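K.L.:
Below: one structure in structure tokens.
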């Protein structure tokens, strides 16, 4: 009987070991699920990553892209375990899901707050202070642009959300609203402003300048971050580092090859040739990947301001910002240089 129990125990241990090995192999064999929003500024970098070989060159041989039509959907995808990683999660959404206990980590700052407030050239509105009682087009409520705009209008001009009407839309819709005079002003990316040809506009200010006025610092605020599910960070930080390398190299390639970026955008996003060229010309303003101490402090400050205004609830976990993959990526990138 004792021999039988010993043999059974050995078999159980062997079976458990085999199952653990299979699970580990399956985890490593599964494709890296990469999600991003395809109706906004992240479309360009996503298209270049998908059509190029940057992931393979960085050592990621098996990846699957998941497209989202809504700005906050990448965060929801992380929360629902639909994707493993994204380079384009709105910072506010990442903060919100992390504060509610979703196992997610932030590993990079990726989308500078490249937003300009404009009004039709013939409008009586001449500054942001003149937006009281007006219709303002911008990204939907809950987006980083909407929450950051609410924060600066409150702090710098004494506005409450009831003092202006937010008209939501993606960049193309916002430009259309402006041309059709359905809004009095709009918060647009610089690339969208440059693409406006059917309506003359005047600049009322920039989100970055207003944020610096609010924070009394020169730091560039960020609208988007790179985020991943915690189990990926914990199990395989090397893959996250490789992903950062791929994103960095795709951005660098785009800076050096604007004509090819424009061609990709025409093919993948069906952009008109002129719009694609303008987008490519603004590539460096739209895309980055950084996670230096100043970037982390900026993101922490953003969360503090959003939380103080009541637009974001909850407390960020102390370990939500992870630097190991970025530091690993920096070493890989340094070794690539001739």
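In the working numbering, the protein residues as written are 382 to 719. We put the beta carbon where it would ideally sit given N, CA and C, even for glycine. Model, not experiment: these values are computed from the prediction.
DSSP puts residue 417 in a beta bridge; with which residues?
P.N.:
The count along the chain shown starts at 1 and reaches residue 417 at position 36. DSSP output for residue 417 lists 448 as bridge partner(s).
K.L.:
Taking buried to mean at least 16 other C-beta atoms within 10 Å of its own C-beta, is residue 518 buried or exposed?
P.N.:
Along the chain shown, read from residue 1 onward, the residue named residue 518 stands at position 137. Buried is the call here.
K.L.:
Within the continuous alpha helix (DSSP H) that includes residue 533, where are the two ends?
P.N.:
As a first step, residue 533 must be located in the chain shown, where it is residue number 152. Here the alpha helix (DSSP H) through residue 533 covers 525 to 538.
K.L.:
Using the C-alpha atoms, what's the distance from residue 439 back to residue 552?
P.N.:
Against the chain shown, residue 552 aligns to sequence position 171. Against the chain shown, residue 439 aligns to sequence position 58. Cα-Cα distance, rounded: 32 angstroms.
K.L.:
Under a three-way DSSP split, which group does residue 499 fall into?
P.N.:
The count along the chain shown starts at 1 and reaches residue 499 at position 118. In this structure, residue 499 counts as strand in the three-state DSSP scheme.
K.L.:
What's the gap between the Cα of residue 698 and the Cα of residue 653?
P.N.:
The sequence position of residue 698 within the chain shown is 317, counting from 1. The sequence position of residue 653 within the chain shown is 272, counting from 1. Looking at the two C-alpha atoms, the distance is approximately 44 angstroms.
K.L.:
Drop a sphere of 10 angstroms on the beta-carbon of residue 657, count the other beta-carbons inside from all chains shown, and report buried for 16 or more, exposed for fewer.
P.N.:
In the chain shown, the residue the question calls residue 657 occupies position 276. Answer is buried; the Cβ neighbour count reaches 16.
K.L.:
At 4 residues or longer, and completely inside the region 426 to 482: list those alpha helix (DSSP H) runs for me, N to C.
P.N.:
As far as the region 426 to 482 is concerned, its whole alpha helix (DSSP H) runs of at least 4 residues are 435 to 439, 454 to 460, 472 to 480.
K.L.:
Check whether the region 474 to 488 touches the region 682 to 702, taking contact to mean three or more Cβ pairs, one atom from each stretch, closer than 8 angstroms.
P.N.:
The region 474 to 488, when compared against the region 682 to 702, does touch it at the 8 angstroms Cβ threshold.
K.L.:
Buried or exposed for residue 674, please, with buried defined as at least 16 other CB atoms from any protein chain shown within 10 angstroms of its CB.
P.N.:
Walking along the chain shown from the start, residue 674 turns up at place 293. That one is exposed.
K.L.:
Using C-beta distances below 7 angstroms, list every residue in its chain close to residue 558, excluding the 5 sequence neighbours before and after it, in chain order.
P.N.:
Indexing the chain shown from 1 puts residue 558 at position 177. Taken in chain order, the residues that qualify are 518, 548, 550, 564, 567.
K.L.:
When the distance is taken between beta carbons, is residue 602 closer than 9 angstroms to residue 531?
P.N.:
Locating residue 531 in the chain shown gives position 150, counting from the first residue. Locating residue 602 in the chain shown gives position 221, counting from the first residue. No, these two residues do not count as a Cβ contact at 9 angstroms.
K.L.:
Between the C-alpha atoms of residue 629 and residue 595, what's the straight-line distance to the nearest angstrom?
P.N.:
Stepping through the chain shown from its first residue, residue 629 is reached at position 248. Stepping through the chain shown from its first residue, residue 595 is reached at position 214. Between residue 629 and residue 595, the C-alpha separation is close to 30 angstroms.
K.L.:
Where does the unbroken beta strand (DSSP E) through residue 488 begin, and where does it stop?
P.N.:
For the purposes of this step, residue 488 is identified with residue 107 of the chain shown, where counting begins at 1. First-last of the beta strand (DSSP E) with residue 488: 485 to 493.
K.L.:
Can you look up residue 603 in the DSSP assignment and give me helix, strand or coil?
P.N.:
Within the chain shown, the letter at position 222 stands for residue 603. The answer is strand: DSSP assigns residue 603 an E or B state.
K.L.:
Checking the sheet assignment: what are the DSSP bridge partners for residue 618?
P.N.:
The sequence position of residue 618 within the chain shown is 237, counting from 1. According to DSSP, residue 618 bridges with nothing at all.
K.L.:
Is residue 406 buried or exposed, if buried means 16 or more other CB atoms sit within 10 Å of its CB?
P.N.:
Numbered from its first residue, the chain shown carries residue 406 at position 25. Its pLDDT being 45, under 50, residue 406 is placed unreliably in this model, and the coordinates cannot settle the point.
K.L.:
Pairing CB atoms from the region 497 to 507 with CB atoms from the region 520 to 528, are three or more of them under 8 angstroms?
P.N.:
No: fewer than three Cβ pairs fall under 8 angstroms.
K.L.:
Give a yes or no on contact between the region 430 to 450 and the region 583 to 597, applying the rule of three or more CB pairs nearer than 8 angstroms.
P.N.:
Verdict: no, contact absent.
K.L.:
Looking at C-alpha atoms only, which residue of 662, 668, 426, 448 is the closest neighbour of residue 574?
P.N.:
One-based indexing of the chain shown puts residue 574 at position 193. Here the closest residue by C-alpha is 662.
K.L.:
Using only alpha-carbon positions, find the residue among 475, 496, 633 that is nearest to residue 426.
P.N.:
Working through the chain shown from its first residue, we reach residue 426 at position 45. For the residues 475, 496, 633, the minimum Cα distance to residue 426 belongs to 633.
K.L.:
Ordered along the chain, which non-local residues of its own chain (more than five positions away) have a Cβ less than 6 angstroms from that of residue 587?
P.N.:
Along the chain shown, one-based indexing puts residue 587 at 206. Only 497 meet the Cβ criterion.
K.L.:
For the structure I just gave you, are there three or more beta carbon pairs, one from the region 468 to 480 and one from the region 538 to 546, closer than 8 angstroms?
P.N.:
These segments do not touch.
K.L.:
Between residue 510 and the rest of its own chain, which residues show a CB-CB distance below 8 angstroms, the 5 nearest in sequence each way excluded?
P.N.:
Here residue 510 refers to the residue found at position 129 of the chain shown. Answer for residue 510: 538, listed in chain order.
K.L.:
Expressed to the nearest angstrom, what Euclidean distance is found between the alpha-carbon atoms of residue 614 and residue 589?
P.N.:
Your numbering for residue 614 matches position 233 in the chain shown. Your numbering for residue 589 matches position 208 in the chain shown. One C-alpha to the other measures close to 31 angstroms.
K.L.:
Within the chosen definition, does the region 417 to 433 reach the region 449 to 457 through at least 3 CB pairs nearer than 8 angstroms?
P.N.:
Yes, they touch.
K.L.:
Within a Cβ cutoff of 7 angstroms, which residues of the same chain sit near residue 428, ignoring the five residues on either side of it in sequence?
P.N.:
As a working mapping, residue 428 is identified with position 47 in the chain shown. Around residue 428: 645, 646, 649, 650.
K.L.:
Excluding sequence positions up to five away, which residues of its chain have a Cβ less than 8 angstroms from the Cβ of residue 582?
P.N.:
Translated into positions along the chain shown, residue 582 becomes position 201. So the qualifying residues of the chain are 499, 500, 501, 502, 559, 574.
K.L.:
May I ask you to list the residues that DSSP assigns as paired with residue 547?
P.N.:
The residue you call residue 547 lines up with position 166 of the chain shown. Per DSSP, 517.
K.L.:
Tell me residue 586's beta-bridge partners as DSSP assigns them.
P.N.:
Your numbering for residue 586 matches position 205 in the chain shown. BP columns for residue 586 point to 498.
K.L.:
For residue 667, report the span of its alpha helix (DSSP H) as first-last.
P.N.:
Position 286 of the chain shown, counted from the first residue, corresponds to residue 667. 664 to 667 is the extent of the alpha helix (DSSP H) around residue 667.
K.L.:
Could you please give the first and the last residue of the uninterrupted beta strand (DSSP E) stretch that includes residue 555?
P.N.:
To locate residue 555, count along the chain shown from 1; it is residue 174. No beta strand (DSSP E) holds residue 555; the alpha helix (DSSP H) holding it covers 552 to 560.
K.L.:
Which value, in whole angstroms, describes the spacing of the CA atoms of residue 604 and residue 683?
P.N.:
Translated into positions along the chain shown, residue 604 becomes position 223. Translated into positions along the chain shown, residue 683 becomes position 302. Distance between the alpha carbons of residue 604 and residue 683 is about 10 angstroms.
K.L.:
Tell me which residues share the same chain as residue 432 and place their Cβ nearer than 6 angstroms to its Cβ, disregarding the 5 neighbours each side in the sequence.
P.N.:
Here the question's residue 432 lines up with position 51 in the chain shown. Hits under 6 angstroms: 645.
K.L.:
In the DSSP assignment, what are the bridge partners of residue 624?
P.N.:
As a working note, residue 624 is residue 243 in the chain shown. The partner list for residue 624 (beta bridge, DSSP) is empty, contrary to what the question assumes.
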